[in-house]
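Taking it in order: structure first as C-alpha cells, then the write-up.
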Amino acid sequence: MSPKNDKGNAKSSKVKFRNNKYNHKSKVQQFEEKRRKSALHKYYKELKKSGQNVQGPVGKSDSKEPGNKRRSDWNPYEKAKEELAKRKKEKAEARAQKETQKKERDEALEKYKKEKTRKFVQLKKKTKRGQPVMAGRMELLLEKIQKRAGT
Numbered sequence: 002m003s004p005k006n007d008k009g010n011a012k013s014s015k016v017k018f019r020n021n022k023y024n025h026k027s028k029v030q031q032f033e034e035k036r037r038k039s040a041l042h043k044y045y046k047e048l049k050k051s052g053q054n055v056q057g058p059v060g061k062s063d064s065k066e067p068g069n070k071r072r073s074d075w076n077p078y079e080k081a082k083e084e085l086a087k088r089k090k091e092k093a094e095a096r097a098q099k100e101t102q103k104k105e106r107d108e109a110l111e112k113y114k115k116e117k118t119r120k121f122v123q124l125k126k127k128t129k130r131g132q133p134v135m136a137g138r139m140e141l142l143l144e145k146i147q148k149r150a151g152t
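Here this note's numbering runs 1 ahead of the position in the sequence shown, where the first position is 1.
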C-alpha cells in the first residue's frame, strides 16, 4: 500500500465521519433507528413481564407449514396494537364493574336511610303532654326480637 492510498481512505473516512456526526439526514435516521429499537425493547420487556414466550423478531420464512410456530407476517406494531386493544377492553370491563358496584352501594344506602327515617319517626312520636308514645317503641323492639330469632 502506498501512502497516497492511506490518505485517500483517511479522507473518505473523515467525510463519512462528518456526515454521520453533522448531517441532518443521518441524525434523523439515527434518531428513528434508536426510537424503533427502544419501542421493540419495551415491547419485548412487556412480553417477558406478562409471562409470554418471548421470541426475537422473525424474518420472512419461506415455509408456510401449519406446524411452523413462527408466523411469516409477524409484526411488533400489530402485536402492540392488539395489546392496547386488550388493555382498553379490560379497562372498560373494570369501569362497568365499578359502576354496577356503585349502583348497588347507592341502593343499599338509600334503603338504609329509609329504614332509619322510619325508625326515627316512630321513636319521635309524642303524646299531647310531651311523653313518648310507647306503641311505636314496642313495635321496634318486637321487630328486633323477631329479627334475632329468625337468624
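Ideal Cβ positions, reconstructed from N, Cα and C, are used throughout, including at glycine.
Next on the checklist: I need the straight-line Cα distance from residue 159 to residue 85, nearest angstrom please.
Outcome noted: The structure shown does not extend to residue 159, since the chain is modelled only from 2 to 152, so the question has no answer here.
Checklist entry - If you draw a straight line from the alpha carbon of residue 101 to that of residue 88, how long is it in whole angstroms? => result Going by the C-alpha atoms only, they are around 20 Å apart.
Checklist entry - Where does residue 129 fall in DSSP's three states? => result In this structure, residue 129 counts as coil in the three-state DSSP scheme.
Item to check | C-beta contact flag for residue 143 and residue 123 at 8 Å | outcome: Going by C-beta atoms, residue 143 is not nearer than 8 Å to residue 123.
Checklist entry - Tell me which same chain residues have a C-beta within less than 8 Å of the C-beta of residue 66, skipping the five on either side of it? => result In this prediction, residue 66 has a pLDDT of 49, which is less than 50 and means its spatial position is unreliable; what the coordinates show is noted afterwards. Cβ neighbours of residue 66 within its own chain (closer than 8 Å, five residues either side excluded): none.
Checklist entry - Can you check whether the CB of residue 134 is closer than 8 Å to the CB of residue 145? => result Not in contact: residue 145 and residue 134 (Cβ atoms no closer than 8 Å).
Item to check | Counted within 10 angstroms of its Cβ, other Cβ atoms place residue 64 as buried (16 or more) or exposed | outcome: Residue confidence is low: residue 64 scores 46 on pLDDT, short of 50, so the model does not pin down where it sits. Its coordinate-derived value is still stated next. Per the 10 Å Cβ criterion, exposed.
Checklist entry - What first and last residue would you give for the alpha helix (DSSP H) that runs through residue 147? => result That run of the alpha helix (DSSP H) goes 135-151.
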